[in-house]
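J.:
There are 2 protein chains.
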Amino acid sequence: MEKESGQPLYLRIADRMEAMIDSGSLRAGDRIPSVRHSSLQHQVSIPTVMQAYTLLESRRLIEARPKSGFYVRPRLSSSLREPVVSKRRPAVASLSGFASAISMIQDITDPKLVPLGAAIPGAGLLPEKKLAQLTASVMRRSTAASLQYDPAPGCLALRKELSRLSLDWGCGLDASDFLITVGASEALHLALLAVTKPGDTVLVESPTYYGTLNLLALLKLKVIAVPSSSGEGLDMNAVKNVLAAHPVAAMLVIPNFSNPMGSLMPEANRRELLGLAEKHNIPIIEDDIYGDLPHEGPRPHCLKSLDRGDRVILCGSYSKTLAPGFRIGYIAAGKHQARVMELKNAFNLGGASLPALTVAEFLRTGGYERHLRKLRDTLRHQVCKMREAVAAVFPEGTRLSNPSGGFVLWLELPGNTDIMAVFHEARAAGISFSPGPLFSPNGGFKNCLRLSCGSPWSPKMESALGTLAGIIARQAPPTPKR
Amino acid sequence: MEKESGQPLYLRIADRMEAMIDSGSLRAGDRIPSVRHSSLQHQVSIPTVMQAYTLLESRRLIEARPKSGFYVRPRLSSSLREPVVSKRRPAVASLSGFASAISMIQDITDPKLVPLGAAIPGAGLLPEKKLAQLTASVMRRSTAASLQYDPAPGCLALRKELSRLSLDWGCGLDASDFLITVGASEALHLALLAVTKPGDTVLVESPTYYGTLNLLALLKLKVIAVPSSSGEGLDMNAVKNVLAAHPVAAMLVIPNFSNPMGSLMPEANRRELLGLAEKHNIPIIEDDIYGDLPHEGPRPHCLKSLDRGDRVILCGSYSKTLAPGFRIGYIAAGKHQARVMELKNAFNLGGASLPALTVAEFLRTGGYERHLRKLRDTLRHQVCKMREAVAAVFPEGTRLSNPSGGFVLWLELPGNTDIMAVFHEARAAGISFSPGPLFSPNGGFKNCLRLSCGSPWSPKMESALGTLAGIIARQAPPTPKR
Numbered sequence: 023m024e025k026e027s028g029q030p031l032y033l034r035i036a037d038r039m040e041a042m043i044d045s046g047s048l049r050a051g052d053r054i055p056s057v058r059h060s061s062l063q064h065q066v067s068i069p070t071v072m073q074a075y076t077l078l079e080s081r082r083l084i085e086a087r088p089k090s091g092f093y094v095r096p097r098l099s100s101s102l103r104e105p106v107v108s109k110r111r112p113a114v115a116s117l118s119g120f121a122s123a124i125s126m127i128q129d130i131t132d133p134k135l136v137p138l139g140a141a142i143p144g145a146g147l148l149p150e151k152k153l154a155q156l157t158a159s160v161m162r163r164s165t166a167a168s169l170q171y172d173p174a175p176g177c178l179a180l181r182k183e184l185s186r187l188s189l190d191w192g193c194g195l196d197a198s199d200f201l202i203t204v205g206a207s208e209a210l211h212l213a214l215l216a217v218t219k220p221g222d223t224v225l226v227e228s229p230t231y232y233g234t235l236n237l238l239a240l241l242k243l244k245v246i247a248v249p250s251s252s253g254e255g256l257d258m259n260a261v262k263n264v265l266a267a268h269p270v271a272a273m274l275v276i277p278n279f280s281n282p283m284g285s286l287m288p289e290a291n292r293r294e295l296l297g298l299a300e301k302h303n304i305p306i307i308e309d310d311i312y313g314d315l316p317h318e319g320p321r322p323h324c325l326k327s328l329d330r331g332d333r334v335i336l337c338g339s340y341s342k343t344l345a346p347g348f349r350i351g352y353i354a355a356g357k358h359q360a361r362v363m364e365l366k367n368a369f370n371l372g373g374a375s376l377p378a379l380t381v382a383e384f385l386r387t388g389g390y391e392r393h394l395r396k397l398r399d400t401l402r403h404q405v406c407k408m409r410e411a412v413a414a415v416f417p418e419g420t421r422l423s424n425p426s427g428g429f430v431l432w433l434e435l436p437g438n439t440d441i442m443a444v445f446h447e448a449r450a451a452g453i454s455f456s457p458g459p460l461f462s463p464n465g466g467f468k469n470c471l472r473l474s475c476g477s478p479w480s481p482k483m484e485s486a487l488g489t490l491a492g493i494i495a496r497q498a499p500p501t502p503k504r
Numbered sequence: 023m024e025k026e027s028g029q030p031l032y033l034r035i036a037d038r039m040e041a042m043i044d045s046g047s048l049r050a051g052d053r054i055p056s057v058r059h060s061s062l063q064h065q066v067s068i069p070t071v072m073q074a075y076t077l078l079e080s081r082r083l084i085e086a087r088p089k090s091g092f093y094v095r096p097r098l099s100s101s102l103r104e105p106v107v108s109k110r111r112p113a114v115a116s117l118s119g120f121a122s123a124i125s126m127i128q129d130i131t132d133p134k135l136v137p138l139g140a141a142i143p144g145a146g147l148l149p150e151k152k153l154a155q156l157t158a159s160v161m162r163r164s165t166a167a168s169l170q171y172d173p174a175p176g177c178l179a180l181r182k183e184l185s186r187l188s189l190d191w192g193c194g195l196d197a198s199d200f201l202i203t204v205g206a207s208e209a210l211h212l213a214l215l216a217v218t219k220p221g222d223t224v225l226v227e228s229p230t231y232y233g234t235l236n237l238l239a240l241l242k243l244k245v246i247a248v249p250s251s252s253g254e255g256l257d258m259n260a261v262k263n264v265l266a267a268h269p270v271a272a273m274l275v276i277p278n279f280s281n282p283m284g285s286l287m288p289e290a291n292r293r294e295l296l297g298l299a300e301k302h303n304i305p306i307i308e309d310d311i312y313g314d315l316p317h318e319g320p321r322p323h324c325l326k327s328l329d330r331g332d333r334v335i336l337c338g339s340y341s342k343t344l345a346p347g348f349r350i351g352y353i354a355a356g357k358h359q360a361r362v363m364e365l366k367n368a369f370n371l372g373g374a375s376l377p378a379l380t381v382a383e384f385l386r387t388g389g390y391e392r393h394l395r396k397l398r399d400t401l402r403h404q405v406c407k408m409r410e411a412v413a414a415v416f417p418e419g420t421r422l423s424n425p426s427g428g429f430v431l432w433l434e435l436p437g438n439t440d441i442m443a444v445f446h447e448a449r450a451a452g453i454s455f456s457p458g459p460l461f462s463p464n465g466g467f468k469n470c471l472r473l474s475c476g477s478p479w480s481p482k483m484e485s486a487l488g489t490l491a492g493i494i495a496r497q498a499p500p501t502p503k504r
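Next comes the structure, spelled out in structure tokens:
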């Protein structure tokens, strides 16, 4: 760029970039050119570019992310705030009426619905070609192993890869520490059977994933749901008070990108949680299914990495990153591993061999890290776009989570919205989402919902969000402006 | 064959065939040429051939099988008899000490052992090439479906094939009657959870499959084990008496080729069992995993086919006929189906998609019937050879089941044999088998064992059987001849 008189250079660069953002050439969540790249492109010095970027930051148009560069900010209404954390004292709930609610969300495989419900990575996000190629080659080269039983602890090749990857989780687990499961669901099932008995109380986050509540209900467990925020996850004061007041058999937590809040539990809170577990002699079940999906920065460590007393049972899977339908999960249950193995072999004598061998091969040779980088970027972008759209079309007073990872959003609608009425009307209009009461043991969160951002952002999605906003507006007349 | 003076023609034919059997050209279990074929080959009349074959039958060298032809009989010692059915009155057993026993049979994947233990169809018996080809083509043509979740009830294409096949089982079930499971093990798990609660008593066969006893133990169920014979399966008088005397929550039976007895329950007994279930208002769980593997004649109907009162929960799988490692089983739970579906989705959110789609494709296009014909023939032959070898080398007084289907043999050794001592010594010698106490809720069958005939008969197998006989002989000195 040639020097021009009048306007300072950095201002010119900033204005040009703002115009690109306004016109949509640069969209929310897009990474803007690096300082070095812009310096070369515009033939100006690096400090000048920095000045321009700082200005754009102060205009709240872009944001810096550590070690990652500058990104276009979602253009959110300034009134959009995060959901309120309940101040009510948590109480033990029986879940006796919960299981029936699950029937409402049997929409995973219905292609006619706009998929804002189940948390599934959408078409095009999974490494389809690579997996198809690896499946065929594993089946050809290891036919006998692919057809034979794979009894617990399951596929050694896969457990070796997990062992290697666990270094990134801060754990350094051995292949023998793992047992392969049918998704993280089975891992949670086995973990709960290992450390609880019917009638016991399990501490969970509030809101928490309905699949977990459903499982707890079927195992005849009670829950005590402790408020969790979009920022820091579990309210540690509340945890402390609950443990002091109630006998709790186990804690089931999602420190890395909780579902539905998307929060990342700070390290100090993790240490405090482990201290409390130690003090009260309680096992912790860690659901790490979203751990590989931070929106920025390196993969967070597992709670398990801080576990010195063999209290944490780690559960995870490749359902959110590689192939939901492969049903490849894992559990590292420490001192409970023998029991878990016994249960697993009795329940189904091991999972399918071929998917396990294929995932092992993908992790070993398929460029999983490269795939993850792309996937994280896409999911972050989709979450950004969804937040933007919600901010643009949802009623004033809507509160919205600001997740640090994963791909779901938690929304709190203006107080008098009846979300179940919205749910049924939206289903009739071909739109699925997960209503708030599914995330509560006793029908709470009546004005909340979870939106999945797993599918590519598209005009169809945008239009569905508009329709949904319309349904909500009819259910909840706007409160008078203050 | 030219007419010759002196010896009648039929006698000449019979002698020549006997020589072929003696020399091993025709082996136990081989089908001998049809009457029509022999008539053409030897250029003699059909009645002459019939006369020769009748003579061979009376010499106990061949046997006729209805609609199937003539087969070389196993050359068993005339002293070899079937196992004794216990006359002791069945009692409720708690299974509290059972689960630990299962650890002894973790040999499924140990290639260093001669595989007489787990009931697995051996190398070369499965349609490896066809399955590899179908897997690759399903994955290529239906990549998205292969990677996506397949929540319960699971793969519709597979349930449609099951519906079609169920006509052969005498059932005529609809696709909506089925739910796909992770092998028959998971089907049994779900069935038991649907109709029992911890502390309940379940009626099973004695001896019965250790996997079932292990599962019952982990579900904290009690059992009452009713004697089962190699000929007719469950002793119906004993069933009647047990049901009159004990509260029983469910009956878990294997009418088609029970494991380990190999018995086929006669139709009259099936009707009586259903009548008793009706009278006492008890559900029946039918394990039909071996139903596709009769040694002769058509596939037997399921008990479910006679079920007029929706009392029978049918469980089965393709683990014994297509691919153990695909973990494709099914359950048809009738009025319990909704409950079973709820449990299945909570436990693991459906099984792996690709194996289900592949099995569906195999059943639809892969020549399953043709594969079964070959597999049945091979397994029958292997069972024959094993029986022959046992008869030849095992101690006098050994009793041996005479299965009508499946591929396991049940042996009762002379009274003072300590089978666990034999088991450990055999393992040290590189031979696996399933010791009798695994098939009893309370350590019974101390002098019994199950041998799997799933692997091809070979000199290595024959030699292993000799080694095993030697170990047994040292453990149980021969009883003096009577």
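Residue numbers (the numbering used here), protein chains in the order written: chain A, 23 to 504; chain B, 23 to 504.
Where is the CB? At the ideal position from N, CA and C, for every residue including glycine.
1. Output the residue ranges of the alpha helix (DSSP H) runs that lie fully inside the region 433-503 of chain B and measure 4 residues or longer, sorted by chain position.
2. With H, G and I counted as helix, E and B as strand and the rest as coil, what does DSSP make of Cys177 (chain B)?
3. Any contact between the region 217-229 of chain B and the region 187-203 of chain B? By contact I mean 3 or more CB pairs, one from each, below 8 angstroms.
4. Which residues in the same chain as Gly205 (chain A) place their Cβ atom closer than 6 angstroms to its Cβ, once the five residues preceding and following it in sequence are excluded?
5. Tell me whether the region 283-293 of chain B and the region 418-436 of chain B touch, counting them as touching only if at least three CB pairs, one residue from each stretch, are closer than 8 angstroms.
6. In chain order, what residues of the region 465-484 of chain B put their CB closer than 9 angstroms to some CB of chain A?
7. When you compare only the Cα positions, how much space is there between Arg38 (chain B) and Ala443 (chain B)?
8. Could you please tell me which residues of the region 388-405 of chain A, in chain order, have their CB closer than 8 angstroms to any CB of chain E?
9. When you compare only the Cα positions, how much space is there between Leu397 (chain B) and Ser480 (chain A)?
10. Can you tell which of B:Arg103, B:Leu184, B:Glu150 and B:Ala354 has its C-alpha closest to the C-alpha of Leu212 (chain B)?
11. Looking at the unbroken alpha helix (DSSP H) that takes in Tyr232 (chain B), where does it start and where does it end?
12. Using a Cβ-Cβ cutoff of 8 angstroms, what residues of the region 183-212 of chain B are near chain A? List them in chain order.
13. Closer than 7 angstroms between beta carbons: that is the criterion. Which residues of the region 153-167 of chain B meet it against chain A?
14. Could you name the residues of chain A that Pro346 (chain B) contacts, counting a contact when the two beta carbons are closer than 8 angstroms?
15. Considering only DSSP beta bridges, list what Cys406 (chain A) is partnered with.
16. Suppose you measure from the CA of Asp196 (chain A) to the CA of Leu180 (chain A); what does that come to, to the nearest Å?
17. Return yes when the Cβ of Leu240 (chain A) is within less than 8 angstroms of the Cβ of Leu371 (chain B), no when it is not.
18. What's the C-alpha gap between Glu208 (chain A) and Thr234 (chain A)?
19. Listed from N- to C-terminal order along the chain, which residues in the region 359-371 of chain B have their beta-carbon within a distance smaller than 8 angstroms of any beta-carbon of chain A?
20. Have a look at B:Arg472, B:Gly452 and B:Val248 and flag the residue whose alpha-carbon is nearest the alpha-carbon of Leu460 (chain B).
21. Using 8 angstroms for Cβ pairs, my map puts Pro417 (chain B) next to Ala486 (chain B). What's the rounded Cβ distance?
22. Using the Cα positions of Leu295 (chain A) and Arg333 (chain A), report the straight-line distance between them to the nearest angstrom.
23. The alpha helix (DSSP H) that contains Ser118 (chain B), what's its start and end?
24. Return no unless some Cβ of chain A is closer than 8 angstroms to the Cβ of Ser252 (chain B).
25. Please go through the same chain and pick out, in chain order, the residues whose beta-carbon is closer than 6 angstroms to the beta-carbon of Ala491 (chain A), but skip the five residues on each side of it.
26. I want to know whether the region 314-331 of chain A touches the region 143-161 of chain B - three or more CB-CB distances under 8 angstroms.
27. If we define contact as Cβ-Cβ less than 8 angstroms, is Gly373 (chain A) a contact residue for chain B?
28. Check the DSSP bridge columns for Thr223 (chain B) and list the partner residues they point to.
29. Three-state secondary structure (DSSP) at Asp309 (chain A)?
30. Using only the alpha-carbon positions, how far apart do Asn263 (chain A) and Tyr232 (chain A) sit?
31. Leaving out five residues on either side along the sequence, give the residues of the same chain with a beta carbon under 7 angstroms from the beta carbon of Gly488 (chain B).
32. Do Thr157 (chain A) and Leu344 (chain A) come within 8 angstroms of each other at the CB atom, strictly closer than that value?
33. How big is the Cα-Cα spacing for Ala41 (chain B) and Gln65 (chain B)?
34. Can you list, in chain order, the residues of its chain with a C-beta nearer than 7 angstroms to that of Gly347 (chain A)? Leave out the 5 residues immediately preceding and following it.
35. Of all Cβ atoms in chain B, is any one closer than 8 angstroms to the Cβ of Pro377 (chain A)?
36. Mind pulling the alpha helix (DSSP H) runs of 4 or more residues that sit fully within the region 358-435 of chain B?
T.: Per the coordinate set shown:
1. The qualifying runs are 441-450 and 481-497.
2. Three-state result, Cys177 (chain B): coil.
3. By the Cβ rule, the region 217-229 of chain B does not count as touching the region 187-203 of chain B, because fewer than three pairs are nearer than 8 angstroms.
4. Closer than 6 angstroms at Cβ, skipping near neighbours: Ser339, Ser341, Arg349 and Gly351.
5. Output reads yes: the region 418-436 of chain B touches the region 283-293 of chain B.
6. Within the region 465-484 of chain B, no residue has its Cβ closer than 9 angstroms to any Cβ of chain A.
7. Each residue's Cα considered, the two are about 46 angstroms apart.
8. In summary, chain E is missing from the structure at hand, where the protein chains are A and B.
9. Answer to the nearest angstrom: the Cα atoms are 52 angstroms apart.
10. Per the C-alpha coordinates, the member of B:Arg103, B:Leu184, B:Glu150 and B:Ala354 positioned closest to Leu212 (chain B) is B:Ala354.
11. Its alpha helix (DSSP H) spans residues Tyr232 to Leu240.
12. The region 183-212 of chain B vs chain A, Cβ under 8 angstroms: Thr203, Val204, Gly205, Ser207, Glu208 and His211.
13. Listed in sequence order: Leu153, Ala154, Thr157, Ala158, Met161, Arg162, Thr165 and Ala166.
14. Scanning chain A for C-beta atoms nearer than 8 angstroms to the C-beta of Pro346 (chain B) yields Leu169, Gln170 and Tyr171, reported in chain order.
15. As computed with DSSP, Cys406 (chain A) is found in no beta bridge at all.
16. Going from the Cα of Asp196 (chain A) to the Cα of Leu180 (chain A) covers about 12 angstroms.
17. Taking a C-beta distance under 8 angstroms as the contact criterion, Leu371 (chain B) and Leu240 (chain A) do not qualify as a contact pair.
18. The alpha-carbon atoms of Glu208 (chain A) and Thr234 (chain A) are separated by roughly 11 angstroms.
19. Flagged, chain order: Glu364, Leu365, Asn367, Ala368, Phe369, Asn370 and Leu371.
20. Residue nearest to Leu460 (chain B) within the set B:Arg472, B:Gly452 and B:Val248 is B:Arg472 (criterion: CA-CA distance).
21. No, Pro417 (chain B) and Ala486 (chain B) are not in contact; Cβ-Cβ is about 16 angstroms, not under 8 angstroms.
22. Distance between the alpha carbons of Leu295 (chain A) and Arg333 (chain A): 11 angstroms.
23. Here Ser118 (chain B) belongs to no alpha helix (DSSP H), and DSSP marks it neither H nor E.
24. No, Ser252 (chain B) lies away from the interface with chain A (no Cβ there is under 8 angstroms from its Cβ).
25. Excluding residues within five positions, the ones whose Cβ falls inside 6 angstroms are Val415 and Phe416.
26. No, they do not touch.
27. At a cut-off of 8 angstroms, the C-beta of Gly373 (chain A) has a neighbouring C-beta in chain B.
28. Thr223 (chain B) is bridged to B:Lys244.
29. DSSP places Asp309 (chain A) in strand when its eight states are reduced to three.
30. Spanning the two alpha carbons is a distance of roughly 24 angstroms.
31. If we look at Gly488 (chain B) and ignore the five residues flanking it on each side, its Cβ neighbours are Val415.
32. In this structure, Thr157 (chain A) does not lie closer than 8 angstroms to Leu344 (chain A) by Cβ.
33. Approximately 20 angstroms between the Cα atoms of the pair.
34. Hits under 7 angstroms: none found.
35. Output row for Pro377 (chain A): interface = yes.
36. The region 358-435 of chain B contains these whole alpha helix (DSSP H) runs: 359-370, 375-387 and 390-415.
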